[in-house]
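J.:
Numbering (full-length UniProt numbering), first residue to last: 1 to 511.
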């Protein structure tokens, strides 16, 4: 699973220009800096998109950057964040793009855009249709379906419905997962067909807004793209569905407000934040089961299939550049920063764990080398000591027997030998023996320490092997994927077994 966090700052609007409001946002690389006369807050995200100034409007009305400008237009932002999401559906994985920000911060502009500056949704659908038309594969057929819905007060409504607004029920399907019952899905095979459905959806939500006299910022709007892949395998049709959700999140001034619809917005946003944090943690602790409360809100339940371990999640925070929105902007940045803190803590802890294991193994390897060197040195000392003892015994015997032959001689040298006879006979070899015994004991201790260190290394190898065994067990017994090709499953099992055998061989070689 991958979670990316981005911020985007818009230009001053007409009111802010008329009031000559000061700027309170700066960006430097991935850093977003919020400041006023008294304080400065810095946040670091995966992306910080500067769309505030230094742009021009061409003859078609498109906002494009000036030469040598850091301004990012709609297409640039789409190209930056859509590389993985575009590939995900064709690789059997889901994706969720979330836009969050206060009313008027450029949230809807980023997702929907305008006729002259199309947003992420338009560019995404256009690129998917182009990829399908250019990459038609024999025995594989792709179909694209879109649906539009919104959530108000925890009730779900269809944006493509032409009848009266009816509350829809959310149910779970064994094959497709969580589904909205009776939700209209329109197949699109051209960009013109897509534009017609988009106009229909926009008109519907404007009608609902007028009928209830509410602000659009109180609605969660969800645009769904479903890619149906049909393959012919052994004369059988195998269907696979992949989803992409693009979500315009509702917003309220303070998440803890408890009045009417705002309490429901706060609850759904809080649940969404909790789930994303838990998914980030679980992605690094795959052996642990962490409960994720998808059912706590309609928003997270509908997005459930795209808020899972194999999904790509992108959160875009849109912010106002004006100082009069300082508190609201700070609140939004803190909402996004909670995910960055969880990500950074996990990365830091993971790196520390891996570095500690590497350093421990490195130190143990160095210690084993030192112990081996010490063993060799001690063995050389034993051999030299034994040679010295043998040489001393030979000298002793020579002098001793020679002393018997020269007891009656008058030679001065022989007399000198006789004078040292008692000293030679009294030579004590016990300290030498004790020294050899002590060296032997030291060698035994060193060998025991070396065996202990080898055992520790084996335990580390067995722990890694156990993780692969768990993964193999999950693949064989726990993973239940409908209509999964058996050949693919067997291939994964063979890969796991091969990796496990390599670990065992490596462990035996080290021993």
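A virtual CB, placed ideally from N, CA and C, is assigned to each residue, including glycine.
#1: Tell me whether residue 174 sits in a helix, a strand or coil according to DSSP, three-state version.
#2: Count the other CB atoms, across all protein chains shown, that sit within 10 Å of the CB of residue 93; report buried if there are 16 or more and exposed otherwise.
#3: So, using beta-carbon positions, are residue 246 and residue 111 closer together than 7 Å?
#4: Take residue 353 and list the residues in its own chain whose beta-carbon comes closer than 6 Å to its own, dropping the five residues that flank it on each side.
#5: To the nearest angstrom, report how far apart residue 139 and residue 311 are at their CA atoms.
#6: Compare the C-alpha of residue 241 against each of 57, 230, 251, 250 and name the closest.
#7: Residues in its own chain within less than 8 Å of residue 293 by CB, not counting five upstream and five downstream?
#8: Which of helix, strand or coil does DSSP assign to residue 275?
#9: Please report the distance separating the alpha-carbon of residue 80 from that of residue 314.
#10: Quick check: the stretch 200-209 against the stretch 171-183, are there 3 or more CB pairs under 8 Å?
#11: Keeping to the same chain, check which residues put their C-beta closer than 7 Å to that of residue 122; ignore five residues upstream and five downstream.
#12: How would you label residue 226, buried or exposed, when you count the other beta carbons within 10 angstroms and need 16 or more for buried?
#13: Nearest-angstrom Cα distance between residue 164 and residue 128?
#14: Examine chain C for any beta-carbon lying closer than 7 Å to the beta-carbon of residue 303, and answer yes or no.
#15: For residue 95, name the three-state secondary structure that DSSP assigns.
#16: Which residues share a DSSP beta bridge with residue 312?
#17: Whole angstroms are fine: how far does the CA of residue 223 sit from the CA of residue 201?
#18: When you compare each of 20, 131, 109 to residue 217 by their alpha carbons, which one comes out closest?
#19: What does a CB cutoff of less than 6 Å around residue 296 pick up in its chain, not counting 5 residues either side in sequence?
#20: Quick check: residue 156 and residue 304, are their CB atoms within less than 7 Å of each other?
#21: Between which residues of its own chain and residue 145 is the CB-CB distance below 6 Å, once the five residues before and five after are set aside?
#22: Would you kindly work out how many angstroms separate the C-alpha atoms of residue 28 and residue 235, rounded to a whole number?
#23: Between which two residues does the alpha helix (DSSP H) holding residue 301 run?
T.: So, from the data block:
#1: Coil, per DSSP.
#2: Classification of residue 93: buried, given that the 10 Å Cβ count is 16 or more.
#3: Inclusion of residue 246 and residue 111 in the CB contact set at 7 Å is warranted, their separation being smaller than that value.
#4: Residue placement at residue 353 is poorly supported in this model, since its pLDDT is 45, which falls under 50; the coordinates are not used for a value here.
#5: Each residue's alpha carbon lies about 26 Å from the other.
#6: Looking at 57, 230, 251, 250, the one whose alpha-carbon comes closest to that of residue 241 is 230.
#7: So the list reads 271, 274, 275, 300, once near-sequence residues are dropped.
#8: Here residue 275 carries a helix assignment [DSSP, helix/strand/coil].
#9: Whole-angstrom Cα-Cα distance: 11 Å.
#10: Too few Cβ pairs lie closer than 8 Å, so no.
#11: Once the five neighbours on either side are set aside, the close Cβ partners of residue 122 are 113.
#12: Classification of residue 226: buried, given that the 10 Å Cβ count is 16 or more.
#13: One alpha carbon belongs to residue 164, the other to residue 128, and they sit about 32 Å apart.
#14: Checking the listed chains, one finds no chain C in this structure; it contains a single protein chain.
#15: Strand.
#16: DSSP output for residue 312 lists 2, 95 as bridge partner(s).
#17: Each residue's Cα considered, the two are about 10 Å apart.
#18: Nearest option by C-alpha distance: 109.
#19: Apart from the 5 residues on each side of it in sequence, residue 296 sits with its Cβ closer than 6 Å to the Cβ of 271 in its chain, given in chain order.
#20: Their beta carbons are not under 7 Å apart, which means residue 156 does not touch residue 304 by this criterion.
#21: For residue 145, where only same-chain residues beyond five positions count, the Cβ hits under 6 Å are 185, 187, 226.
#22: Across the structure, residue 28 and residue 235 are spaced so that their CA atoms are roughly 56 Å apart.
#23: For residue 301, the uninterrupted alpha helix (DSSP H) run begins and ends at 298-302, by DSSP.
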